[in-house]
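In this note's numbering, the protein residues as written are 419 to 865.
C-beta: ideal position from N, C-alpha, C; glycine also.
Accompanying notes for the structure given below.
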Ligand SMILES: Nc1nc2c(ncn2[C@@H]2O[C@H](COP(=O)(O)OP(=O)(O)OP(=O)(O)O)[C@@H](O)[C@H]2O)c(=O)[nH]1
Ligand SMILES: [Mg+2]
């Protein structure tokens, strides 16, 4: 399993601290010395390690203490948070162009997993985001590269654009985008050729494709098993092509984890997906916080930390409930709720976890991410005063908000009306409930 060595070493380090009531500055130092070694051994870039250790030390010493955690757990909490931050803090999603199709270029070295990932991504986009992608075969060099993609297309019953291997990849890419426009595909995934090393010919060709199709997303596919090499490859590709995202493949193998832990910090490019196997459905959105917990592998401590945090959230929920009852709810509260829903992950997955849930009925639950995005954009285009008191939004402000969020005045009006209706409804409902114990949460509208 990936990260095994690292997980074991970190756990051993933290185990030593267990049972100690107080952790001194010297303890923290000792602990961090071991964390540092563990990270280096896992092939994490040494500059990244240095900064990481310093950041944790700085925060672990002299920070506010959560009542329910021991100082040792406190340090683990900081390590967990910093690990998450290292890998990008929040989940970074695939681009969605304002005007379809969203053009995605898949690039990377030979054997990294570009073609496989192209198929996996097409499958993901259709299944999870309800999209209609077109795959394009722009690798004309490797024998059977086109066949490989076409086979994937057949397996998925999804179209593959190909012009054979006698046509320039730039023309293939352009042709694919044109066909996608005609046939109303909302994504075009361009599978490009790989080379053994980063070389000028390859980069030149990729740059010409980029120039021709102006992709919304350039995803570098890298093999996580190659450790620091993966990071170096990412750096050169990023210099030449200005990557927008990284896909780490073969995380199912026994990688030491160095690539996953350093590539974002070194290149500034977020990891968007992780390949977890050879099968078509083994592609997962990359969640930094989940990966961090997996590396720390400390179910007990982490759930304790979570609980401590939930208590804070519960207080906040009570506050919200009170606001609802008195109809003081603002758009700031609304954004906060939206974030919480987002943090839980895709709603259909979440629902599927409920024991006994009717899996068939769940199939029809589709959460329209772009709709949520639109609502969020509108709210974010409001001034803070407007968020607190939407009634001050007049006609000219509505126009500006619509413009700022790339929506229409009708969209803005609809949201404002729904928000008011929701507030009214909340008030009625909470009044009806009377003094019954509230649930401390509320349903978002429009979903
Ligand atoms: N275990 C595992 N294998 C993977 C993963 N992703 C890809 N592979 C395997 O890696 C090998 C190479 O994958 P391809 O998709 O052909 O790689 P490519 O980057 O298109 O290679 P070229 O076209 O030659 O440049 C195949 O055997 C895949 O099955 C993954 O996440 N896990
Ligand atoms: Mg390929």
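Candidates the options, of which the one nearest residue i by Cα
| i | options | result |
| --- | --- | --- |
| residue 536 | 442, 605, 651 | 605 |
| residue 627 | 421, 560, 587 | 587 |
| residue 621 | 710, 652, 641 | 652 |
| residue 459 | 427, 433, 434 | 427 |
| residue 659 | 618, 708, 831, 434 | 618 |
| residue 603 | 578, 708, 511 | 578 |
| residue 791 | 643, 670, 813, 829 | 829 |
| residue 748 | 576, 550, 838 | 838 |
| residue 657 | 669, 670, 632, 685 | 685 |
| residue 433 | 461, 491, 444 | 491 |
| residue 643 | 444, 461, 508 | 461 |
| residue 801 | 506, 740, 819 | 819 |
| residue 596 | 632, 812, 808 | 632 |
Own chain, CB closer than 7 angstroms to residue i, minus 5 neighbours either side, in chain order
| i | result |
| --- | --- |
| residue 448 | none |
| residue 803 | 810 |
| residue 524 | 532, 535, 536, 607, 608, 609, 610, 637, 639 |
| residue 446 | 475, 478, 479, 493 |
| residue 580 | 555, 564, 568 |
| residue 454 | 467, 471 |
| residue 613 | 527, 528, 620 |
| residue 630 | 588, 591, 592 |
| residue 822 | 799 |
| residue 442 | none |
| residue 560 | 611 |
| residue 473 | 500 |
| residue 542 | 701 |
| residue 774 | In this prediction, residue 774 has a pLDDT of 41, which is less than 50 and means its spatial position is unreliable; nothing more can be read from the coordinates. |
| residue 571 | 553, 577, 578 |
Test item: CB-CB of residue i and residue j under 9 angstroms
| i | j | result |
| --- | --- | --- |
| residue 695 | residue 674 | no |
| residue 641 | residue 667 | yes |
| residue 501 | residue 703 | no |
| residue 519 | residue 599 | yes |
| residue 833 | residue 683 | no |
| residue 422 | residue 751 | no |
| residue 714 | residue 513 | no |
| residue 498 | residue 711 | yes |
| residue 594 | residue 624 | no |
| residue 701 | residue 539 | yes |
| residue 511 | residue 699 | no |
| residue 709 | residue 678 | yes |
| residue 827 | residue 835 | no |
Beta-carbon proximity list for residue i, same chain, < 8 angstroms, skipping 5 on both sides
| i | result |
| --- | --- |
| residue 753 | 794, 797, 798, 805 |
| residue 584 | 558 |
| residue 515 | 521, 634 |
| residue 681 | 640, 648, 649, 652, 664, 666, 687, 689 |
| residue 431 | 449, 452, 453, 456 |
Which residues DSSP lists as bridging residue i, in chain order
| i | result |
| --- | --- |
| residue 524 | 609, 637 |
| residue 702 | 692 |
| residue 667 | 641 |
| residue 949 | Examination of residue 949 is not possible in this model, given that the chain is present from 419 through 865 alone. |
6 angstroms Cβ shell around residue i - same chain, five flanking residues per side excluded
| i | result |
| --- | --- |
| residue 886 | The requested residue 886 is not part of the displayed model; the chain covers only 419 to 865. |
| residue 654 | 616 |
| residue 824 | none |
| residue 692 | 666, 669, 702, 704 |
| residue 576 | 540 |
| residue 549 | 543, 604, 605 |
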